[in-house]
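Undergrad:
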Amino acid sequence: MIKQFNTALVLAPHTDDGEFGCGGTINRLVEEGCEVYYAAFSSCRQSVPPQFPPDILITEVKAATQVLGIKPENLTIFDYDVRMFSYHRQDILDDMLKLKKQIRPDLVFMPSVNDVHQDHQTITSEGLRAFKGTTIFCYELMWNNNNFNTACFIALEEKHVVAKIEAINTYESQGHRSYSDTDFLKGQARARGVQSGNDFAEAFEVIRLCL
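The sequence shown begins at 0 in numbering that gives the first Met the number 0 and counts up one residue at a time.
This is the structure:
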């Protein structure tokens with residue numbers, strides 16, 4: 000069924016959220032001919048460790064998305080301040096509606112409806128408004144999810160998991176985070192694979208499925 004999607008849009012509240020949530024799936028979609036777009040709503044300048052330049056995450060997301068196969072021209076980076084998205088809901092919705100008009104995706108990825116991060120909640124709530132008539136899969140960031148409804152599994156080959164890990168490893172400024180650990184990332188993909196009868200997989204909540 001995944002082969003029916005021609006154009007996908009990944010909504011990432013912050014640079015790297017998309018890679019963590021659906022990096023393997025992105026790589027598989029690109030491999031199968033889907034045109035994948037990626038929109039990051041903040042480069043998190045306020046959260047960059049002091050030993051790195053303030054714009055390091057812009058450099059890193061460009062490298063990471065290219066590792067996954069996303070074309071440079073398909074990457075959009077907005078400049079909303081981290082943890083302040085809720086004050087800019089209408090602007091964020093307007094940006095999403097522009098992306099919808101320009102890209103016309105038939106598949107949209109966004110954070111879980113059960114994600115506790117305030118910026119992630121804003122992206123999901125406004126994303127549900129912007130893409131009412133589109134298939135929506137919510138990706139898993141288990142360190143932020145109180146609950147996660149594994150309604151959909153997308154099977155991956157090991158090469159897709161390797162690409163995801165390689166993309167995440169380009170974020171040298173975020174390497175201190177426990178969920179960047181290679182063993183954790185591969186273990187999560189393996190666990191979701193076991194659940195779904197595959198070697199590896201990523202899990203998603205299904206908000207809407209338009210066939």
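Beta carbons: idealized from backbone N, C-alpha and C, even for Gly. As the structure is a prediction and not an experimental result, all values here were calculated from the model.
Within a Cβ cutoff of 6 Å, which residues of the same chain sit near S46, ignoring the five residues on either side of it in sequence?
TA: Closer than 6 Å at Cβ, skipping near neighbours: V81.
Undergrad: Within 10 Å of its beta-carbon, does K131 have 16 or more other beta-carbons around it, so buried, or fewer, so exposed?
TA: It counts as exposed.
Undergrad: For A129, which residues from the same chain have a beta carbon less than 7 Å from its beta carbon, with the 5 sequence-adjacent residues on both sides left out?
TA: Closer than 7 Å at Cβ, skipping near neighbours: L92, M95, L96, K99.
Undergrad: By the three-class DSSP mapping on this structure, what secondary structure does P71 have?
TA: Reduced to three states, the DSSP call for P71 is helix.
Undergrad: Would you mind sorting R88 into buried or exposed? The rule is 16 or more other CB atoms within 10 Å of its CB.
TA: Exposed: under 16 other Cβ atoms inside 10 Å.
Undergrad: Mapping DSSP to helix, strand and coil, what is M109?
TA: Strand.
Undergrad: Keeping to the same chain, check which residues put their C-beta closer than 7 Å to that of R189; ignore five residues upstream and five downstream.
TA: Once the five neighbours on either side are set aside, the close Cβ partners of R189 are F199.
Undergrad: For T14 and S42, which I take to be in contact (beta-carbon distance under 8 Å), what is that distance rounded to the nearest angstrom?
TA: The Cβ separation is near 6 Å, so the contact holds.
Undergrad: Which residue from F51, F40, P71, P104 puts its Cα closest to that of P12?
TA: Nearest option by C-alpha distance: F40.
Undergrad: Based on DSSP bridge pairs, tell me the residues matched to D80.
TA: In the DSSP output, where bridge partners are listed per residue, D80 has none listed.
Undergrad: Does the distance from the C-beta atom of T133 to that of C21 stay below 8 Å?
TA: It is not a contact, given that the beta carbons lie outside the stated cut-off.
Undergrad: Give the single residue among V115, K163, A166, E171 whose Cα lies nearest to the Cα of N146.
TA: Of V115, K163, A166, E171, the residue nearest in Cα terms is V115.
Undergrad: Could you tell me whether the stretch 48-60 touches the stretch 101-109, using the rule of 3 or more Cβ pairs below 8 Å?
TA: Judged by Cβ distances under 8 Å, the stretch 48-60 makes no contact with the stretch 101-109, as fewer than three pairs qualify.
Undergrad: Is T169 helix, strand or coil by DSSP?
TA: T169 falls in the coil class under three-state DSSP.
Undergrad: Measure the beta-carbon distance from R44 to H159 and round it to whole angstroms, keeping in mind my assumption that it falls under 8 Å.
TA: About 31 Å separates the two Cβ atoms, so there is no contact after all.
Undergrad: Taking the beta strand (DSSP E) that T6 falls in, what are its first and last residues?
TA: Residues 6-11.
Undergrad: Would DSSP call V35 helix, strand or coil?
TA: If DSSP states are grouped into helix, strand and coil, V35 belongs with the strands.
Undergrad: Straight-line CA distance for G192 to P52?
TA: Taking the straight line joining both Cα atoms gives about 38 Å.
Undergrad: Can you give me the start and stop residues for the alpha helix (DSSP H) that E139 sits inside?
TA: Premise fails: E139 is in no alpha helix (DSSP H) and is neither H nor E.
Undergrad: Since C137 contacts M109 with CB under 8 Å, what's their CB separation in whole angstroms?
TA: Right, their Cβ atoms sit about 6 Å apart.
Undergrad: Between which two residues does the alpha helix (DSSP H) holding V115 run?
TA: Per DSSP, V115 belongs to no alpha helix (DSSP H) and is neither H nor E.
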